[in-house]
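One structure is given here, and the rest of the page talks about it.
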Amino acid sequence: MLHKKRKALLVVNSEFSSLWVDDPCMIQTLLTDKAELEKELNCLNDKLSSALSECNAKDELVKKQAKMVEDAMAGWEKTEAKVVTLKQELDEAMKQRAAGEERSTYLDAALKQCMQQLHFVREEQEQRVHDAVMKASVEYEKSQMILEEKLAETSKRLAKVGIENTHLSKDLFAKERLIEDLTKQKVQVEADFNALMIRLESTEKENASLKYEVRVLEKELEIRNEEREFNRRTADASHKQHLESAKKIAKLESECQRLRLLVRKRLPGPAALAKMKSEVDTLGRDSVETRRRRTYSSPNALIVDVAIDNSPDTPSKKINFLTEQLCVMEEENKALKEALNRKSNELQISRTMYASTASKLSQVESHLDELSKGQSTLEPSGSGLAPHELSLALTSDVGSDDKVSCAESWASALISELEHFKYGKQRGSPSVKTVGGSDINLMDDFVEMEKLAIVSVDKQSGSPHLPFDDANATVNPLEIV
1 MLHKKRKALL VVNSEFSSLW VDDPCMIQTL LTDKAELEKE LNCLNDKLSS
51 ALSECNAKDE LVKKQAKMVE DAMAGWEKTE AKVVTLKQEL DEAMKQRAAG
101 EERSTYLDAA LKQCMQQLHF VREEQEQRVH DAVMKASVEY EKSQMILEEK
151 LAETSKRLAK VGIENTHLSK DLFAKERLIE DLTKQKVQVE ADFNALMIRL
201 ESTEKENASL KYEVRVLEKE LEIRNEEREF NRRTADASHK QHLESAKKIA
251 KLESECQRLR LLVRKRLPGP AALAKMKSEV DTLGRDSVET RRRRTYSSPN
301 ALIVDVAIDN SPDTPSKKIN FLTEQLCVME EENKALKEAL NRKSNELQIS
351 RTMYASTASK LSQVESHLDE LSKGQSTLEP SGSGLAPHEL SLALTSDVGS
401 DDKVSCAESW ASALISELEH FKYGKQRGSP SVKTVGGSDI NLMDDFVEME
451 KLAIVSVDKQ SGSPHLPFDD ANATVNPLEI V
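Residues 1 to 481, numbered by full-length UniProt numbering, are exactly what the sequence shown covers, in order.
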């Protein structure tokens, strides 16, 4: 712009130089006009320099902010394009001015017109420059405002992004903590799982051992049930046998009563004594046979019961059934223990009674020995007879004068026959190999001996005989044992 203005001034100076030769007044006017134009050009140069300095400063600011905003650069390029158009227009005006100056050389009359046109063109140019500067400043301000707005928006977005970044960092930190907690929980859960697996294996082993123990206990319980059933049946058999022996003893007592009556009435003969002996022998054989039959029949019944007990069933029902049986057995054991204590006391009492009766029996036997020694002179010549036959012969030979000695000899004969019957039962008893059989036989022998002692004491003292119920009352406490 300045270069073009300087060219215009040079052209004007050349025109003035050409006119100066012709007319001094025109030269003076032209000089004044030139001075004014120079002043105006200086002012315009100052304005343009200030505008250029401002533009440079603004350009520097724009260049500084050009990297941040690309839209502002586009607006600036538009303004530059407009300035270029204005420069083109200015070039055209300068061409027109040059053409006018060329015409002014030929047309002096048209100098004023040219000056007016020049003034008009200058004003128009100034106006255009001013308008362009104003327009550029407005556009620059608009672009600056747009850029500031965009900068504010970007700052706001940056603040939002920073806030979001802080939130995301917090969330990330919380998630990292959560991941750490989850890893710790995972490690703890794995440790708990391993511990639970170890406990499961140990519980499975314990379960297997407990199942084995339950099976062993089931087998032991079955064996104990079999033993209990066997003991119960042997006790029932012994009880039945005891009842039969009691019945037989009652029969013997009735026979003794009948024999007492017969002795009181008359002495029996040898035929009656032989008949009594044969009856006693048959009774002993019958008792031995019944005992053998019972002992042989009891194992078969036990086998059947065991087969019934071993019937297949589910384990849970079997365990429940076994626990119920165990409770029942415990209750029965308690009741049996109480009964055993009670019966042991009664047994002690019966033992004292047995000791007293044994002492009395020994006294009777000593007394009978003394009597038999006193009567040894009256023995028959047949010494090979049995002791009970000798006593019977003594009773048959003595006569009815000495009733007391006859009764004593009859009692001794009855005692010997009962002892023979007892020995026959003991010889038949070894075939019975059951639990508690020997104890039961000893009890039966004890009862028989006690009854014999009572009979012998009754015979000795001449007192009335005790009834069978009283004698059995001392024995009945032993039946359950």
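Ideal Cβ placement from N, Cα and C applies to all residues, glycine included.
Predicted, not measured: the structure shown is a model, and the values here were computed from it.
Check	Outcome
C-beta atoms of Ala132 and Leu86 nearer than 8 Å	yes
Chain-order list of residues whose beta-carbon lies under 7 Å from that of His130 (same chain, five-residue window excluded)	none
Three-state class that DSSP yields for Met26 in the structure shown	helix
Buried or exposed (CB count within 10 angstroms, at least 16 for buried), Cys256	buried
8 Å contact criterion, which Val121 and Ala93 should meet: CB distance rounded	6 Å
Burial state of Ala301 (16 or more Cβ within 10 Å)	Since pLDDT at Ala301 reaches only 42, below the 50 mark, its modelled position is unreliable, and the value read off the structure follows with that caveat. It counts as exposed.
Expected contact under 8 Å - CB spacing of Gln125 and Leu90 to nearest Å	7 Å
Rounded separation between Cys43 and Leu52 - CA only	14 Å
Nearest-angstrom Cα separation, counted from Ser209 out to Glu190	28 Å
Integer-rounded CB distance, given that Ser169 should sit under 8 Å from Trp76	Trp76 to Ser169, Cβ: 39 Å. No contact.
Buried/exposed call for Phe321, threshold 16 Cβ in 10 Å	exposed
Reduced DSSP category for Asp59 - H, G, I as helix; E, B as strand; rest coil	helix
Cβ-based burial, Tyr212 [other Cβ within 10 Å; buried from 16]	exposed
Classification of Gln185 by the beta-carbon crowding that lies within 10 angstroms, buried from 16 upward	exposed
Burial state of Ser359, where buried means 16 or more other Cβ atoms lie within 10 Å	exposed
Alpha-carbon to alpha-carbon, Ala99 and Thr79	30 Å
Nearest neighbour of Arg215, chosen from Gln363, Glu253 and Thr323 [CA to CA]	Thr323
Secondary structure of Pro312, DSSP reduced to three states	Summary for Pro312: the model assigns pLDDT 45, below 50, so the residue's position carries little reliability; its value from the coordinates is reported in the next sentence. Pro312 falls in the coil class under three-state DSSP.
DSSP three-state assignment for Asp108, whether helix, strand or coil	coil
Where Met115 falls: helix, strand or coil (DSSP)	helix
Exposure of Ser245, with buried meaning 16 or more beta-carbon neighbours within 10 Å	buried
For Met68, three-class secondary structure by DSSP	coil
C-alpha distance - Leu30 paired with Lys47, whole-angstrom precision	24 Å
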